[in-house]
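In terms of this note's numbering, the sequence shown is residues 27 to 335.
Even glycine gets a Cβ: it sits at the ideal position worked out from N, Cα and C.
Keep in mind that this is a model prediction, so the values were computed, not measured.
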Amino acid sequence: MSDRPDGLHGADGPAMARFGVGGAGSADDPSAKAAAENFPVALKVTPVRIRQDLEAVYRYTRHLRDIGDETPADRSAVLDRLAGIEADVRALYHGDPVNDPVVADLASLVARQRVPADPLLRLVEANRRDQRVQRYDTFADLLDHCHYSADPVGELVLLVFGRATAERVRRSNQICTALQLLEHWQDVGEDYRRDRIYLPREDLRAFSVGEEELGLPRAGEALRSLIASETDRARNLLEAGAPLVGTLSGWARVSVAGYVAGGRATCSALRRAGYDPLRRVPRPTSPVIAGAWLRSMFGSRRTPAGRRG
């Protein structure tokens, strides 16, 4: 299967078509919800087979997220559904019947690319943990959360492209953790209203920020200093992982460069907002993402992380 990025400058321009995934469906269809969001996994210009595989991965991650975001009076109902997904993933690998159609859609990818069960099961565990954890004491605790909730996605993307090596997965984990952190820093106010705080308690104390300040219309000076510090942490992780792009070629390089570009553009958006995520959610514009993608795509040097290809 060729992964040459011919047609990069297609109808949607060189900016990765907003990283969107195509498709339509009912409002209750996980694939429709997936199509409604921008996510730097599937590019509209990628070949059909790659796009289908990436969409299958995204449908799975979104399906789990939708289950985890449900708010029934009894959390045991959510945990039961997650247990059902876990059982179906295990059934997929044992050749047993799979009940959930979103899990069943992964069968072809799992067989062709020899996708291990671990990243799929870690995503289930991430959503299970979210049912009992709404605060994080330390930054190390938050990184552990990202190991389950974010890192598996990057590993799955590398597996889709057949480019997963131990070193590439290590750098991918840095990128994905950075992206997860940046999303948290963008959504501080929204998360607070959902009774979730991802800013570690140790950092809130260090910057003398009270939880109640996260619900204000604007961020105070202490909170803005904290968000600036956390953004720097995420940026350092992102740049540590960015050499991954230089070890790849073709569509894998195009896609992973999109991840890095999205992170860099989000760092810029937070900076331009004065590190205030409360007044409005800092979102990067398409031109900024496009410029970051070009720099990520063509400015990355090859590293010893693995053979190019």
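Hey, would you say residue i sits closer than 8 Å to residue j, going by beta carbons?
i, j, result
"residue 270", "residue 282", "yes"
"residue 184", "residue 260", "no"
"residue 194", "residue 273", "yes"
"residue 290", "residue 264", "yes"
"residue 227", "residue 162", "yes"
"residue 212", "residue 172", "no"
"residue 230", "residue 214", "no"
"residue 153", "residue 93", "yes"
"residue 202", "residue 170", "no"
"residue 278", "residue 158", "no"
State the Cα-Cα distance for the pair residue i and residue j, rounded to the nearest angstrom.
i, j, result
"residue 251", "residue 239", "13 Å"
"residue 306", "residue 243", "9 Å"
"residue 112", "residue 246", "43 Å"
"residue 317", "residue 109", "43 Å"
"residue 321", "residue 266", "16 Å"
"residue 149", "residue 72", "25 Å"
"residue 168", "residue 253", "15 Å"
"residue 181", "residue 299", "32 Å"
"residue 103", "residue 122", "24 Å"
"residue 258", "residue 313", "23 Å"
"residue 125", "residue 107", "12 Å"
"residue 147", "residue 117", "12 Å"
Please name the residue, chosen from the options, that lies closest to residue i on a Cα-to-Cα basis.
i, options, result
"residue 142", "247, 287, 115", "115"
"residue 133", "186, 241, 221", "186"
"residue 179", "241, 292, 145", "145"
"residue 295", "303, 287, 310", "310"
"residue 324", "293, 276, 292, 312", "276"
"residue 217", "160, 107, 123, 235", "160"
"residue 200", "155, 262, 147, 314", "262"
Excluding the five sequence neighbours on either side, which residues of its own chain have a C-beta within less than 7 Å of the C-beta of residue i, listed in chain order?
i, result
"residue 62", "Residue confidence is low: residue 62 scores 35 on pLDDT, short of 50, so the model does not pin down where it sits. Its coordinate-derived value is still stated next. The answer is none, since no qualifying residue turns up."
"residue 331", "Unreliable positioning characterises residue 331 in this predicted model, as indicated by a pLDDT of 42, which lies under 50. The coordinate reading is nonetheless provided below. Once the five neighbours on either side are set aside, the close Cβ partners of residue 331 are 193, 194, 197, 269, 270, 273."
"residue 315", "41, 287, 288, 291"
At which residues does the alpha helix (DSSP H) containing residue i begin and terminate?
i, result
"residue 261", "247–267"
"residue 143", "143–156"
"residue 104", "101–120"
"residue 76", "74–95"
"residue 289", "276–298"
"residue 165", "165–175"
Leaving out the 5 sequence neighbours to the left and right, which residues in its chain are closer than 6 Å to residue i when beta-carbon positions are compared?
i, result
"residue 256", "211"
"residue 151", "174"
"residue 56", "Its pLDDT being 40, under 50, residue 56 is placed unreliably in this model, and the value from its coordinates should be taken loosely. Excluding positions up to five away in sequence, the list reads 85, 88, 89, 128."
"residue 68", "With a pLDDT of 47 at residue 68, under the threshold of 50, the modelled position of that residue is not reliable, and the figure given next carries that caveat. Here the set comprises 47, 77, 80, 81."
"residue 248", "233, 234, 235"
"residue 308", "212, 295, 296, 299"
"residue 337", "The structure shown does not extend to residue 337, since the chain spans only 27 to 335, so no value can be given for it."
Excluding five sequence neighbours on each side, which residues of the same chain lie with their C-beta closer than 8 Å to the C-beta of residue i?
i, result
"residue 119", "136, 143"
"residue 219", "241"
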